[in-house]
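Heads up: the structure comes next, in structure tokens.
2 protein chains.
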Amino acid sequence: MGEFDLIARFFRRPARNAVLGVGDDCALLQPRAGWQIAVSCDMLVEGRHFLEGVDPFTLGHKALAVNLSDLAACGATPVAFTLALALPRADAGWLEPFSRGLLALADAHQCELIGGDTTQGPLNICITVIGEVPVLQGRSQALLRSGARAGDDIYASGTLGDARLALEALRGHITLPADELAAARRRMDMPAPRVALGIALRGIATAAVDLSDGLLGDLGHILQASQVGACIDTAAVAGMLAHGRHLASSALNASTRLVCVLSGGDDYELVFTAPPQARVSVQAAARTSATPVTRIGVVQPESGLRLVDAQGAEVANVFRSFDHFA
Amino acid sequence: MGEFDLIARFFRRPARNAVLGVGDDCALLQPRAGWQIAVSCDMLVEGRHFLEGVDPFTLGHKALAVNLSDLAACGATPVAFTLALALPRADAGWLEPFSRGLLALADAHQCELIGGDTTQGPLNICITVIGEVPVLQGRSQALLRSGARAGDDIYASGTLGDARLALEALRGHITLPADELAAARRRMDMPAPRVALGIALRGIATAAVDLSDGLLGDLGHILQASQVGACIDTAAVAGMLAHGRHLASSALNASTRLVCVLSGGDDYELVFTAPPQARVSVQAAARTSATPVTRIGVVQPESGLRLVDAQGAEVANVFRSFDHFA
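So the sequence lines, in the order shown, correspond to chains A and B. Residues in the first sequence are numbered consecutively from 0, following numbering that gives the first Met the number 0. Residues in the second sequence are numbered consecutively from 0, following numbering that gives the first Met the number 0.
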């Protein structure tokens, strides 16, 4: 099958919201009057972002999910995306489930595939996603990394660390019951981008970031951009691990739990800040979006990231975030 | 050097037209009121789109040029782009010239780098470009592939086939004088996207496409989308090869010339159609954009692509276009 047939067969569908979709030199979109557009781009490489031989359906889901997660962190409503795909060979048996996983998530978020590129090469998936955010009374409602202020609460959504927990089990570092491993692995393979929460937090959160490389590193981006520091309650964070509860039974395992929640990547939850007087609004946004949120710390004026336990005693920070070239 | 330092060092610059540029989860753009946005995406893989060991400066140029060429084919004004880069290693000696080549062309077209991604992996460059096109009296001014009508003239811009000529010489299939090879190779390595011509053709051309995979294949996209056929004057097309003039001296070499102009890829010229009564306007657009255009054929109502020589006699079509999975 040739390149053009391949694209048509799996990825070309009639344009819905786009003025012009897949199939010309460019796609065309008509932006909503007065809104801004938000743009983000992620590249996924085999062996780096996903394991060789991963189920193509879940891979299609995840490739778009990590991009929608960036829109969520910005409070943007998804609109459209492009897909560039390098494949060792044009394999319909792989492309069919991949496109199904991808387009199912796209449809769930009304985010339309409008164009892209396919080529022969080592497996590589690059998606660029476009969303939109309103501007109210001259002020963009986008959530940025730079708006956190000393005294703000720090929140995280959903559960943390389960993707890393699955990875540690798959690597043989820990042992999990089969049902827990399956559930944790689902968090790694099929992350749910927190788009509804991001939208609900417009005008409430002062800063936000999505968790791809780990809580400490990604929160660090907020702190750096906002020129503030933070104190994180490790007990609150440790409680956000959904699976592997039995691991708390030894000191070593308690440490594994902390590694998972503090520096485990691939959670695709949101971490955000909001002033204490917005606590009721934050909980309302959580309800509106059916997404649990947990208060995990506080923004401090002095730079640096401190960890404390439930009693407020300092915890040594021996955790680190993921660097793609480290 | 870590991933984030790397990005900051070579690719982060203050935002110019963007509301928010590189460095947050998303970039933000404020679209021009009433205009549409045009989006295109191309992925370049080593060994497939460029030779191993190619000069990183020219590669940076070419990676953006092929994307700007898609905007040109659509008649769009460049606005911004994202860059995703998979690299075997974070090598400043490669990234510095690559970013220089890329950003020099970006600056020349006032097209701003607003975000992207870098990761470790086999060399892969994926750019998504965003442009804008006006809507006049409710009609989009975008040039599409689907607007060609029987009786329209067919034009090509600039020169054709020189990138393929260089490739044939580098492969040892033909011999070129050193200065001709250098000039032809420059066409392969440093294509000039016809952005100004595309913009000048708004409201004049009925259909357009850019030449990436070869004249016959890319013109075929217009014919298919417009449900028409075409007759191409091979003598007019053969005259568009800028280099390798001495190759006309034998029948075999004349055939090589035709292969270069008809099925040679990587030209990044525009092929477009316009009604005969627009000939003066087409030439005015060519002058405005300082881009020569040549009339190479005519759109016909019956499907299929016919080739004729200067005397109007049929030429057998033994040429084919490039398929990335063939």
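Note that the Cβ used here is the ideal one computed from N, Cα and C, for glycine as well. This structure is a prediction, so every number in the text was calculated from the model and none was measured.
- Counting C-beta pairs with one atom in each stretch, the segment 6 to 22 of chain B and the segment 93 to 108 of chain A have fewer than three that are closer than 8 angstroms, which means they do not touch.
- When CB distances to chain A are screened at a threshold of 7 angstroms, the residues of the segment 109 to 128 of chain B falling below it are 113, 114, 115, 116, 117, 118, 119, 120, 121, 123, 125, 127, in chain order.
- Residue 85 of chain B reaches chain A at 42, 44, 123, counting residues in chain order whose Cβ is nearer than 7 angstroms.
- Residue 28 of chain B is not a Cβ neighbour of residue 128 of chain A, given a cutoff of 8 angstroms.
- For residue 302 of chain B, the closest Cβ of chain A is not nearer than 8 angstroms.
- Contact between residue 214 of chain A and residue 260 of chain A is confirmed by a C-beta separation of about 7 angstroms, below the 8 angstroms threshold.
- Scanning chain A for C-beta atoms nearer than 8 angstroms to the C-beta of residue 140 of chain B yields nothing, as the closest lies near 11 angstroms away.
- Membership of residue 96 of chain A in any beta strand (DSSP E) is not indicated; the residue belongs instead to the alpha helix (DSSP H) covering 91 to 107.
- Distance from the CA atom of residue 280 of chain B to the CA atom of residue 289 of chain B, rounded to whole angstroms, is 14 angstroms.
- Sequence-distant Cβ neighbours of residue 15 of chain B in its own chain, meaning closer than 6 angstroms and more than five residues away, are 111.
- At a C-beta separation below 7 angstroms, residue 30 of chain A has these neighbours in chain B: 30, 36.
- Under the 8 angstroms criterion on CB atoms, residue 19 of chain A is classed as interfacial with respect to chain B.
- Residues of chain B whose Cβ lies closer than 8 angstroms to the Cβ of residue 25 of chain A are, in chain order, 37, 38, 39, 69, 70, 72, 73, 75, 130, 141.
- Counting C-beta pairs closer than 8 angstroms gives fewer than three between the segment 51 to 59 of chain A and the segment 145 to 152 of chain A, which falls short of the contact rule.
- When DSSP states are grouped into helix, strand and coil, residue 55 of chain A belongs to the helix group.
- In chain order, 24 make up the part of chain A whose C-beta sits under 9 angstroms from the C-beta of residue 209 of chain B.
- If you ignore the 5 residues before and after residue 139 of chain B, its C-beta comes within less than 7 angstroms of the C-beta of 35, 132, all in its own chain and listed in chain order.
- With a threshold of 16 other beta carbon atoms within 10 Å, residue 74 of chain B meets it and is buried.
- Each of A/254, A/197, A/301, A/273 was checked against the Cα of residue 287 of chain A, and the nearest Cα belongs to A/197.
- If you draw a straight line from the Cα of residue 274 of chain A to the Cα of residue 70 of chain B, it comes to about 44 angstroms.
- The DSSP-derived three-state label of residue 299 of chain B is strand.
- For the segment 247 to 289 of chain A, the continuous beta strand (DSSP E) assignments of 3+ residues that do not extend past its boundaries occur at 269 to 273, in sequence order.
- Shortest Cα-Cα distance from residue 219 of chain B to any of B/32, B/303, B/82 involves B/303.
- Per DSSP, reduced to three states, the secondary structure at residue 66 of chain B is helical.
- In the DSSP assignment, the residues bridged to residue 123 of chain A are A/44, A/85.
- CA-to-CA, the gap between residue 142 of chain B and residue 296 of chain B works out to about 19 angstroms.
- One thing to note: residue 176 of chain A has its Cβ no nearer than 8 angstroms to the Cβ of residue 64 of chain A.
- Taking 8 angstroms as the cut-off, the beta carbon of residue 253 of chain A is found no closer than this to the beta carbon of residue 308 of chain A.
- Residue 243 of chain A is bridged by DSSP to nothing; it lacks a bridge partner.
- In this structure, the straight-line span from the alpha carbon of residue 170 of chain B to that of residue 13 of chain B is close to 43 angstroms.
- Interface annotation, residue 144 of chain B: in contact with chain A, CB-CB separation under 8 angstroms.
- The C-beta of residue 81 of chain B comes closer than 8 angstroms to at least one C-beta of chain A.
- Linking residue 224 of chain A to residue 240 of chain A through their CA atoms gives a straight-line distance of about 27 angstroms.
- For residue 148 of chain A, the nearest beta carbon of chain B is not closer than 8 angstroms to its own beta carbon.
- Residue 193 of chain B has a beta carbon lying at 8 angstroms or more from every beta carbon in chain A.
- Within the same chain, and ignoring the five residues on either side of residue 121 of chain B in sequence, no residue has its Cβ closer than 6 angstroms to its Cβ.
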